[in-house]
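Remarks on the structure that follows.
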Amino acid sequence: MSGHAHPGGSPVLLLTVLATAGYVLLVLRLRREPRGWSRWRGTSFLAGGALVAAATTGPVAALAAADFRGHMLQHLLIGMLAPLFLVLGAPMTLLLRSLPAARARLLGALLRRPAVHVLANPATALVLSVGGMVALYCTPLYRHTVATGWLHAVVQVHFLLAGCLFAWVIAGPDPAPRRPPVPARLVVLGVAVAAHAGLSQLMYAGLGVDVPVPEESLRGGAEIMYYGGDLSELLLALALVTGWRPRRKPRYAAETDGKGSWPVLYAGAATGVLRLRNVSSGFRQGHARETVLAPLEKKWSANSSGLDEFVLIVPLCAPWAALTTYGG
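If you're matching positions, the sequence shown starts at 1 in UniProt numbering and goes up one per residue.
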């Protein structure tokens, strides 16, 4: 029992093809308008669709059918990398711009419903994403997906949708109801990184997982989850902070030095520290404050010196971690 070998087409690929076709039609419609549509957004969405296609056809699909390492690569593409590019294509914004005003208002009203608020909460997205992985690899579910084609298809669709939901609520350009401030979303992302790293290390050691494959394949799959998960989550963090732009208040416009205040993300390769630093001391003094930090300003105002730098510790997976821990 090494991988998945199920005849027939892939429902997750069919779903992606339909979504991509609809996206392209809406883009072509908007090309008639003066504003048009961002080529970068369109390219991003097409890249996400291409990643799903690459994961479900050709060499990757063949490897996934024969080896657990191929399965993990397929999972990484479908559940983590492809969703990021699909979400960065801003499909909801494209749809809202393409719909007539009355239907756009109906869609906006739908997005404001309490059920959508719960679904769009980062904690919900975290549970659906990480919880799905725990359920797949730490219970007999993986065994059943190998033997049952429809269940395997359901799991793939779940990972694609859960991945899109997580990318949307963390860093999506599309509007989201009651979106938490950027620091809160970075904390949720840090929890996801830690959860993926922990699960992959348990898998590497063969502890607490129910994946009946040879030890070599199991360890190889764990390494793909470990390093590939780091890459996709680092890209997600970059997408989040590059879109984080403070707004200058008019009364401070004359006082600013023109450099503004913007976050810079850099990773310490040796220490595994994800550090989000605010480069302008004007932020501490109240110049060009980031509007998403407004709920936290009162809490931090008593210790203004602490606002010069915001540091978030995230296990970015030092390259030697798994091997040194388990003697691989």
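We put the beta carbon where it would ideally sit given N, CA and C, even for glycine.
The structure displayed is predicted, hence computed values, not measured ones.
Practice task
Let me know the secondary structure DSSP gives Glu33 once reduced to three states.
Solution key: Against the sequence shown, residue 33 aligns to sequence position 33. Note: Glu33 maps to coil in three-state DSSP.
Practice task
Check each candidate in Ser217, Ala237, Gly229 and name the one with the smallest Cα separation from Gly70.
Solution key: Here residue 70 refers to the residue found at position 70 when the sequence shown is read from its first residue. The option with the nearest alpha carbon to Gly70 is Ser217.
Practice task
Classify Trp40 as helix, strand or coil using the three-state DSSP reduction.
Solution key: Locating residue 40 in the sequence shown gives position 40, counting from the first residue. Helix, per DSSP.
Problem - Span separating the alpha-carbon of Leu161 from that of Pro83 - result: Looking up residue 161 in the sequence shown gives position 161. Looking up residue 83 in the sequence shown gives position 83. Roughly 8 Å between the two C-alpha positions.
Problem - Beta-carbon gap between Thr56 and Leu15 smaller than 8 Å - result: To locate residue 56, count along the sequence shown from 1; it is residue 56. To locate residue 15, count along the sequence shown from 1; it is residue 15. Not in contact: Thr56 and Leu15 (Cβ atoms no closer than 8 Å).
Handout entry: Cβ neighbours of Ser129 in the same chain (closer than 6 Å, five flanking residues each side left out)
Key = On the sequence shown, residue 129 is found 129 positions in, with the first residue counted as 1. Excluding sequence neighbours, Ser129 sits near Ala162, Phe166.
Problem - Distance CB(Ala239)-CB(Val169) smaller than 8 Å - result: Position 239 of the sequence shown holds residue 239. Position 169 of the sequence shown holds residue 169. Not closer than 8 Å, so no.
Handout entry: Cβ separation of Leu81 and Cys164, assumed to be a contact under 8 Å, to the nearest whole Å
Key = Indexing the sequence shown from 1 puts residue 81 at position 81. Indexing the sequence shown from 1 puts residue 164 at position 164. With a Cβ gap of about 12 Å, Leu81 and Cys164 do not count as contacting.
Practice task
Have a look at Leu141, His158, Pro175 and flag the residue whose alpha-carbon is nearest the alpha-carbon of Leu94.
Solution key: In the sequence shown, residue 94 corresponds to position 94, counting from 1. Nearest option by C-alpha distance: Pro175.
Exercise for the section: Look at Gln156 and Ile78 and say whether their C-beta atoms are less than 8 Å apart. Expected result: Your numbering for residue 156 matches position 156 in the sequence shown. Your numbering for residue 78 matches position 78 in the sequence shown. Contact: yes.
Practice task
Specify whether the segment 137 to 153 and the segment 192 to 212 touch according to this definition: at least 3 beta carbon pairs, one from each stretch, less than 8 Å apart.
Solution key: Because the criterion of three Cβ pairs below 8 Å is met, the segment 137 to 153 and the segment 192 to 212 touch.
Exercise for the section: State the DSSP-derived secondary structure class of Pro181, mapped to helix, strand or coil. Expected result: Reading the sequence shown from its first residue, position 181 is the one you call residue 181. In the structure shown, Pro181 sits in coil (DSSP, three-state: anything other than H, G, I, E or B).
Handout entry: Glu233 classed as buried or exposed, judged by whether at least 16 other C-beta atoms fall within 10 angstroms
Key = The sequence position of residue 233 within the sequence shown is 233, counting from 1. So Glu233 counts as buried.
Problem - Inside the segment 67 to 97 only - alpha helix (DSSP H) runs reaching at least 4 residues - result: 68 to 76, 82 to 88, all fully within the segment 67 to 97.
Practice task
With DSSP as the reference, label Leu293 as helix, strand or coil.
Solution key: Taking the first residue of the sequence shown as position 1, residue 293 is located at position 293. Its pLDDT being 34, under 50, Leu293 is placed unreliably by the model, and nothing is read from it.
Problem - CA nearest to the CA of Leu88, picked from Leu136, Ala171, Asp230 - result: In the sequence shown, counting from the first residue as 1, residue 88 sits at position 88. For the residues Leu136, Ala171, Asp230, the minimum Cα distance to Leu88 belongs to Ala171.
Handout entry: Where the alpha helix (DSSP H) through Thr124 begins and ends
Key = Numbered from its first residue, the sequence shown carries residue 124 at position 124. It spans 122 to 138 - the alpha helix (DSSP H) in which Thr124 sits, taken as one unbroken run.
Handout entry: Whole-angstrom distance between Cys138 and Val27, CA atom to CA atom
Key = For the purposes of this step, residue 27 is identified with residue 27 of the sequence shown, where counting begins at 1. For the purposes of this step, residue 138 is identified with residue 138 of the sequence shown, where counting begins at 1. One C-alpha to the other measures close to 42 Å.
Handout entry: DSSP-derived helix/strand/coil call for Ala197
Key = For this step, residue 197 is matched to residue 197 along the sequence shown. DSSP places Ala197 in helix when its eight states are reduced to three.
Exercise for the section: Answer with buried or exposed for Trp37, where buried requires no fewer than 16 other C-beta atoms within 10 angstroms of its C-beta. Expected result: Indexing the sequence shown from 1 puts residue 37 at position 37. Trp37 sits buried, since 16 or more C-beta atoms from the chains shown fall within 10 Å of its C-beta.
Exercise for the section: With a threshold of 16 other CB atoms inside 10 Å of the CB of Thr43, please say whether the residue is buried or exposed. Expected result: In the sequence shown, counting from the first residue as 1, residue 43 sits at position 43. Thr43 is exposed by the Cβ-count criterion.
Practice task
Could you tell me the distance, in whole angstroms, from the CA atom of Arg112 to the CA atom of Ala104?
Solution key: Here residue 112 corresponds to residue number 112 of the sequence shown, with the count starting at 1. Here residue 104 corresponds to residue number 104 of the sequence shown, with the count starting at 1. So the two alpha carbons sit approximately 13 Å from each other.
Practice task
Would you kindly report the start and end of the unbroken alpha helix (DSSP H) that includes Arg113?
Solution key: For the purposes of this step, residue 113 is taken as the residue at position 113 of the sequence shown. That residue, Arg113, is in no alpha helix (DSSP H); it is neither H nor E in DSSP.
Practice task
Let me know if Ala222 comes out buried or exposed under the rule of 16 or more other beta-carbons within 10 Å of its beta-carbon.
Solution key: Locating residue 222 in the sequence shown gives position 222, where the first residue counts as 1. Only buried fits Ala222, as 16 or more other CB atoms lie within 10 angstroms of its CB.
Handout entry: Supposed contact pair Leu30 and Ser98 - C-beta distance, whole angstroms, cut 8 Å
Key = For the purposes of this step, residue 98 is taken as residue 98 along the sequence shown, with counting starting at 1. For the purposes of this step, residue 30 is taken as residue 30 along the sequence shown, with counting starting at 1. Right, the Cβ-Cβ distance comes to about 6 Å (below 8 Å), so this counts as a contact.
Exercise for the section: With a threshold of 16 other CB atoms inside 10 Å of the CB of Leu276, please say whether the residue is buried or exposed. Expected result: The residue given as residue 276 occupies position 276 in the sequence shown. Caution applies to Leu276, whose pLDDT of 35 falls short of 50 and renders its modelled position unreliable; the model cannot decide the point.
Exercise for the section: Please report the residue range of the alpha helix (DSSP H) in which Trp168 lies. Expected result: Taking the sequence shown and counting its residues from 1, one reaches residue 168 at position 168. Counting along the chain, the alpha helix (DSSP H) containing Trp168 begins and ends at 149 to 171.
Practice task
Answer yes or no: do Leu73 and Val60 have a C-beta to C-beta separation smaller than 8 Å?
Solution key: Here residue 73 refers to the residue found at position 73 when the sequence shown is read from its first residue. Here residue 60 refers to the residue found at position 60 when the sequence shown is read from its first residue. Their beta carbons are under 8 Å apart, which means Leu73 touches Val60 by this criterion.
Practice task
Reducing DSSP to helix, strand and coil, say where Thr57 ends up.
Solution key: Taking the sequence shown and counting its residues from 1, the one referred to as residue 57 is at position 57. In this structure, DSSP gives Thr57 a state outside helix and strand, which the three-state scheme calls coil.
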